[in-house]
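The numbering of the sequence shown is the working numbering, which starts it at 24 and goes up by one.
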Amino acid sequence: MTEFLETPSGRKIAYHRTEGTGVGVVFLGGFMSDMEGTKAVALEVWAKSQGRSFLRFDYSGHGQSSGEFQQGCIGDWAEDAQVAITQLTSGPQILVGSSMGGWISLLLTQRLPTDKIAGLIGIAAAPDFTEDSMFAGFSEDQLAELNSTGVVLLPSDYGAPYPITKRLIEDGRQNLVLRSPLPAPFPVRLLQGTQDTSVDRAVALKLLDHIDGDDLRLSFVKGADHSFSSPSCLTQIEAALSEVLSALEA
Numbered sequence: 024m025t026e027f028l029e030t031p032s033g034r035k036i037a038y039h040r041t042e043g044t045g046v047g048v049v050f051l052g053g054f055m056s057d058m059e060g061t062k063a064v065a066l067e068v069w070a071k072s073q074g075r076s077f078l079r080f081d082y083s084g085h086g087q088s089s090g091e092f093q094q095g096c097i098g099d100w101a102e103d104a105q106v107a108i109t110q111l112t113s114g115p116q117i118l119v120g121s122s123m124g125g126w127i128s129l130l131l132t133q134r135l136p137t138d139k140i141a142g143l144i145g146i147a148a149a150p151d152f153t154e155d156s157m158f159a160g161f162s163e164d165q166l167a168e169l170n171s172t173g174v175v176l177l178p179s180d181y182g183a184p185y186p187i188t189k190r191l192i193e194d195g196r197q198n199l200v201l202r203s204p205l206p207a208p209f210p211v212r213l214l215q216g217t218q219d220t221s222v223d224r225a226v227a228l229k230l231l232d233h234i235d236g237d238d239l240r241l242s243f244v245k246g247a248d249h250s251f252s253s254p255s256c257l258t259q260i261e262a263a264l265s266e267v268l269s270a271l272e273a
C-alpha cells in the first residue's frame, strides 16, 4: 500500500516500505522515473525473500508524490531522499541508485551520518549529468531558448521530451560530486551496460577513478541498455547486493 510522508519543505513523498531485519536496502530511482519501475519492484520482492527491510519512493514531481516535475531540481530530490531515509528507515542501509539516483546516492553519502550508509550500488549512475551531459551538449539555439524561456525540451528514449529548466541546470552546479573528494568507507559496486545510450561508459570509469574507497568494483554488462531491467540485469543487481552484504558480514 502506498503511504505518504510530508517533508519539512511541505512536499508529500509517496513510498512503499517493507519491514525486515539486518542491513536495509533503499532504491533511488532515475530522472522522470517512479517507484513502480521494474528494478524497484523486483528488488522489493528480493528483499522480502531475504527478510530484509526495503524502501522505494517517488521524488517530488515524480510518480505519486506531490509537485510538478518541471518545478524540481537535484537539490530538491536529494532533500526528499534524505528525509525519506532518515524518517522511514532504521539502522544502516545499502543505497541502490539508478541513473540520477546514483548521483543522489553519492550526495547522500556526504549528508547522512556515516553509520547510516552500509554500502552503495550504482546502476548506470549519472553523476553531474545536468552539467556534463545536458548543459555541455546544448547548441547555441538551445542555450538561447533556455535563457529566454527558462526551459528547453530534450528528446527522450522513454516517451515525452525532458523539460530541462534553467533552475535544474543552475541547481545541478551546486550539487556536483565529481569536482571534489568523494570518500566511500563502505563497499561500492557500479554496474554499467555497454549499450547504454544515456550514460557513456566513460562516466562509469571516471566515477570508478574518482571515488576514494578500498572496496570498489565496476562491472560492464555487454549488451545491457540504460534501463538495466532485463532478467539477467536484475540478477546482476541482486548479486551485487549479496556481494555487498557478504563483505559487510566479513
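Backbone N, C-alpha and C fix where the C-beta goes; we use that ideal spot for every residue, glycine too.
Extent of the continuous alpha helix (DSSP H) run through residue i
i: Thr258; result: Pro254 to Glu272
i: Val68; result: Thr61 to Gln73
i: Arg224; result: Arg224 to His233
i: Gly195; result: Lys189 to Arg196
i: Glu102; result: Ile97 to Leu111
N- and C-terminal bounds of the beta strand (DSSP E) containing residue i
i: Val48; result: Gly47 to Leu51
i: Lys35; result: Lys35 to Thr41
i: Val119; result: Gln116 to Ser121
i: Ala141; result: Ile140 to Ile146
i: Ser179; result: Val174 to Ser179
i: Leu78; result: Phe77 to Phe80
Selection from the options that minimises the alpha carbon distance to residue i
i: Gly95; options: Arg134, Glu266, Ala207 and Val174; result: Val174
i: Ala275; options: Thr188, Phe209, Leu230 and Lys189; result: The shown model of the chain, from 24 to 273, leaves out residue 275, and the question about it has no answer.
i: Leu205; options: Leu111, Leu143, Thr44 and Gly33; result: Leu143
i: Thr112; options: Gly43, Glu168, Gln87 and Gly160; result: Gly43
i: Trp100; options: Pro115, Trp126, Leu78 and Ile117; result: Trp126
i: Gly45; options: Ala141, Ala167, Thr137 and Gln87; result: Ala141
i: Asp238; options: Ser269, Glu163, Arg224 and Leu78; result: Ser269
i: Glu193; options: Ser221, Ala147, Ala207 and Glu154; result: Glu154
i: Gly145; options: Leu271, Leu135, Leu228 and Arg40; result: Leu228
Nearest-angstrom Cα separation, counted from residue j out to residue i
i: Phe92; j: Ser56; result: 10 Å
i: Leu129; j: Phe251; result: 19 Å
i: Ser179; j: Phe80; result: 23 Å
i: Leu230; j: Ile187; result: 24 Å
i: Val119; j: Gln259; result: 13 Å
i: Ala167; j: Leu191; result: 16 Å
Buried versus exposed call for residue i [16 or more other C-beta atoms within 10 Å across all chains shown]
i: Tyr82; result: buried
i: Lys245; result: exposed
i: Gln218; result: exposed
i: Glu102; result: buried
i: Leu213; result: buried
i: Asn170; result: exposed
i: Ser265; result: exposed
i: Pro31; result: exposed
i: Glu67; result: buried
Which residues DSSP lists as bridging residue i, in chain order
i: Glu29; result: Lys35
i: Phe243; result: Gln215
i: Gly182; result: Ser179
i: Leu205; result: Ile234
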